[in-house]
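Residue numbers (the UniProt record's numbering): 1 to 296.
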């Protein structure tokens with residue numbers, strides 16, 4: 001199997017990350033049931049990631065009902081799962097090489113919305129090969145989801161993953177576009193269809209618990225400097241959660257860092273009409289004869 005510019009050591013690290021992720025995602029999904037808290041699931045998953053790999057590529061995302069992405073519990077969050085649709089999105093890295101995958105656990109009684117995202121992912125993966133335009137893959141995703149009577153989330157897309165960077169090019173849209181990017185052997189991409197029974201657009205909400213480093217600069221506040229030192233040493237450019245910092249006034253320190261453009265915040269993304277959202281995702285490597293799914 002040829003993987004273009006990726007050497008065997010790099011490919012193996014992507015595989016190791018994917019294998020660890022599959023274990024964690026399955027375990028975490030099994031935990032999701034009424035009465036269990038979001039924080040219990042997130043902390044279990046992140047502890048298991050630390051056991052099985054080098055760390056989380058981003059905080060465990062637990063998005064409920066109209067939430068599509070960027071939702072992770074706060075340190076003191078006691079929210080319990082109810083009769084809801086729950087999107088679980090997990091990222092793992094080995095030496096910075098990333099696996100990113102998601103699944104949806106339906107407690108709301110809408111299994112076909114989950115099936116739409118899952119089938120769209122299967123069809124999209126089957127379409128991957130060198131020379132294929134990502135707009136063509138987006139059209140395949142859109143056709144499946146609309147065939148179920150739902151709408152793809154039009155302003156979210158799949159993406160490339162590179163060492164220490166969870167969101168790079170090429171973009172893999174969830175709808176057909178005329179000119180996307182042509183896939184090449186050695187591209188590592190995450191394909192993630194989102195399906196909704198709404199109109200298919202997400203907007204930013206007010207909740208924000210995930211951040212990433214924007215730029216390094218001198219900061220005077222002691223707590224802010226302590227957080228910045230940890231970020232640059234441990235997380236680098238990967239997203240991190242506010243709850244990961246057990247320092248006094250961590251939230252205030254993060255606000256200072258954001259005001260100084262040192263860190264960037266990720267508000268929770270919500271379907272603008274308040275409708276349900278489902279998600280399915282795999283990471284894969286484009287090969288000469290198709291692709292290898294690292295998170296299968």
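For every residue, glycine included, the Cβ atom is placed at its ideal position computed from N, Cα and C. Please read these numbers as outputs of a predicted model, since none were measured by experiment.
Under DSSP, residue 283 forms a beta bridge with 190. 174 is the residue among 174, 149 and 168 whose C-alpha sits nearest the C-alpha of residue 156. Collapsing the DSSP output to three states places residue 293 in a strand. In the DSSP annotation of this structure, the continuous segment of the alpha helix (DSSP H) that includes residue 138 starts and ends at 134 to 147. Secondary structure at residue 115: helix, using DSSP grouped into helix, strand and coil. Leaving aside the five residues that flank residue 176 on each side, the residues in its chain whose CB is nearer than 7 Å to its CB run, in chain order, 135, 138, 139 and 142. Only residues of its own chain outside the window of five on either side were considered, and among them 4, 130 and 286 have a CB closer than 7 Å to the CB of residue 184, listed in chain order.
Linking residue 64 to residue 218 through their CA atoms gives a straight-line distance of about 38 Å. In this chain, the alpha helix (DSSP H) harbouring residue 24 covers 8 to 31.
Membership of residue 270 in any alpha helix (DSSP H) is not indicated; the residue belongs instead to the beta strand (DSSP E) covering 263 to 271. The shortest C-alpha to C-alpha distance from residue 249 to any of 235, 227 and 90 is the one to 227.
Closest in C-alpha terms to residue 264, from the list 78, 272, 240 and 277, comes 240.
Spanning the alpha carbons of residue 221 and residue 166 requires a straight line of approximately 29 Å.
Cα atoms of residue 154 and residue 199: separation of roughly 9 Å, rounded to the nearest angstrom. DSSP places residue 100 in the uninterrupted beta strand (DSSP E) bounded by 97 to 106. In this structure, the straight-line span from the alpha carbon of residue 144 to that of residue 95 is close to 36 Å.
Residue 16 counts as buried, since no fewer than 16 other beta carbons sit within 10 angstroms of its beta carbon.
Of the residues assessed, residue 91 falls on the buried side of the cut-off, its CB having 16 or more other CB atoms within 10 angstroms. Residue 125 and residue 189 do not touch by the CB rule: their CB atoms are close to 10 Å apart, not below 8 Å.
For residue 11, the CB contacts under 6 Å within the same chain, skipping 5 residues up- and downstream, are 3 in chain order. Counting along the chain, residue 44 sits inside the alpha helix (DSSP H) bounded by residues 38 to 52.
Each of 216, 187, 47 and 259 was checked against the Cα of residue 6, and the nearest Cα belongs to 187. In the DSSP assignment, residue 208 falls outside any alpha helix (DSSP H) and lies within the beta strand (DSSP E) extending over 202 to 213.
Spatial neighbours of residue 216 in its own chain (CB-CB distance under 8 Å, excluding positions within 5 residues in sequence) are listed in chain order as 228, 232 and 262. In this structure, the CA atom of residue 48 is about 28 Å from the CA atom of residue 225.
In the three-state reduction of the DSSP assignment, residue 178 falls in the coil class, being assigned neither a helical nor a strand state. Spanning the alpha carbons of residue 210 and residue 59 requires a straight line of approximately 7 Å. Per DSSP, the unbroken alpha helix (DSSP H) holding residue 228 starts and ends at 222 to 230. Excluding the 5 residues flanking it on each side, residue 179 has same chain C-beta neighbours closer than 8 Å at 133 and 135, in chain order. According to the DSSP assignment, residue 57 belongs to the beta strand (DSSP E) that extends over 55 to 64.
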